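What follows is a single structure, written as structure tokens, with notes after it.
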Amino acid sequence: KASREPYVQFRTQHREELQRRQRIEEELRRALDTDPSQLEIHYQPIVSADSGTLVALEALLRWTHPDLGSVPPTEFIPLAEQSTLIDKVGAHVLATACAEVAANPQLRQVMLCVNASRRELTNGEFLRRLSETCEQTGMDPHSLCLEITESALAPLDGGLLALLRHIRALGIQISLDDFGTGASSLSELYRLPVGILKTAKAFVDALEEHPSARTILSGIVDVAHAMGVRVTAEGVETASQAATIAAVGCDLAQGYHFGRPKPLVEILTEDPVIPST
Ligand code: C2E
Ligand code: CA
Ligand code: CA
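Start counting the sequence shown at 515; every next residue gets the next number (the UniProt record's numbering).
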């Protein structure tokens, strides 16, 4: 009998996991449909690597459920991405973040970065959603940036490439997120209409221990700059990392060292370096 226990344990764990996933999906759908106050957008500063001036804000979704408590996006986003639920999530974040940021004239010079998943890009309505949201919220498309992970673009077919070009034609920037972890990497960059490359956190993490990480980062910066593409280093947690990424020529920086994601009101009242012109 004892020999069966690990299996039974496994089955129970597996069942509980499936139940939690199902619950999260249901509750997230319910929150979006009937109680969006459970959802809040936090904004993380993206600053100029050499001066520390605020350049952009990345919108990151936060969800606090009355019973489940705070559910991290690393849990609910991948779940939502398995169905059309991600469309609802993405539309909510885009509309809310655009409205919140556009309502603050002091953020006129600050770019808003919103994450987009592959499923949203390919749903056939994405382009219309973008232009309608900008129109309805008063968001200037030139101040909007979409963060798309390198892996979300693979495989890169003609339709997806055309969509990216249409997004650019609206004036919206594209930032290639988590760059360096996916399959395309530098060899495909010339095909993509991206203005910003955001290197995976792993590069910054490795800086202290592996001198070669600095060399690789520096190489990415050189290639990106040769193509007129700016580079953001994300996950900068220490002053020494901040100094290194600035020294190798990264244009922008993001990470706990510069500021954690927080509600917009806190950004507006706490951060002293909002450009005024
Ligand atoms: P991401 O787009 O790569 O966002 C960066 C994540 O790193 C965020 O986690 C942020 O809070 C965290 N981070 C920022 N600076 C540091 C740092 O210095 N150290 C460490 N350890 N972490 C840092 P978060 O907010 O938990 O989001 C996780 C992921 O969930 C995001 O990764 C993104 O892929 C996804 N996500 C969040 N909101 C949305 C959304 O509205 N739409 C979509 N499609 N995905 C979203
Ligand atoms: Ca991102
Ligand atoms: Ca990222």
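Each residue gets a CB set at the ideal place from its N, CA and C atoms; glycine is no exception.
Computed from a prediction, not measured in an experiment: that's the story for all the values here.
Item	Value
Check whether residue 480 and GLU664 have beta carbons under 7 Å apart	Because the chain here runs from 515 to 791, residue 480 falls outside it and cannot be looked at.
Local Cβ density within 10 Å of PRO559, reported as buried at 16 or more and exposed below that	buried
HIS724 - DSSP class collapsed to helix/strand/coil	coil
Near ligand 1: SER631 beta-carbon under 6 Å from a heavy atom	yes
Nearest-angstrom beta carbon gap, GLU539 and LEU599 [assumed within contact, 8 Å]	6 Å
First through last residue of the alpha helix (DSSP H) which encompasses ASP601	599 to 616
GLU661 Cβ short of 6 Å to ligand 2 heavy atom set	yes
Contacts around SER732, its chain only, beta-carbon distance under 6 Å, and the 5 residues preceding and following it disregarded	VAL762
Assigned secondary structure, THR663 (DSSP; H/G/I helix, E/B strand, else coil)	strand
Contact test: GLU748 Cβ vs ligand 3 heavy atom, cutoff 6 Å	yes
C-beta contact flag for LEU782 and ALA738 at 7 Å	no
Alpha-carbon to alpha-carbon, PHE717 and ALA605	31 Å
Sequence-distant residues of its chain with Cβ nearer than 7 Å to THR752 (five each side left out)	HIS771
CA nearest to the CA of CYS648, picked from LEU670, VAL708, LEU626 and CYS612	CYS612
Range of the contiguous beta strand (DSSP E) that encloses GLN768	766 to 768
Near ligand 5: TYR704 beta-carbon under 6 Å from a heavy atom	Inclusion of ligand 5 in the displayed structure is not the case, the ligand content consisting of ligand 1, ligand 2 and ligand 3 alone.
Any non-hydrogen atom of ligand 1 closer than 6 Å to PRO587 Cβ	yes
Residue from LEU667, LEU677, ILE681 and LEU675 with nearest C-alpha to GLY694	LEU667
Per DSSP, cross-strand counterpart(s) of TYR521	Answer is none; TYR521 lacks a bridge partner.
Ligand 2 heavy atom lying under 6 Å from the CB of ASP547	no
Chain-ordered list of residues that sit, by beta carbon, closer than 5 Å to a heavy atom of ligand 3	ASP691 and ASP692
Rounded straight-line distance, which links the Cα of THR713 to that of MET741	16 Å
Separation of HIS528 from TYR521, as counted between CA atoms	10 Å
Pairwise C-alpha distance: GLN687 and VAL745	13 Å
Backbone CA spacing between ASN637 and GLY685 [nearest angstrom]	21 Å
Cross-strand partners of ALA573 (DSSP beta bridge)	TYR557 and VAL628
Beta-carbon proximity list for GLU646, same chain, < 8 Å, skipping 5 on both sides	none
Per-residue DSSP class, three states only, for ARG529	helix
Continuous alpha helix (DSSP H) stretch holding THR783: start and end	778 to 784
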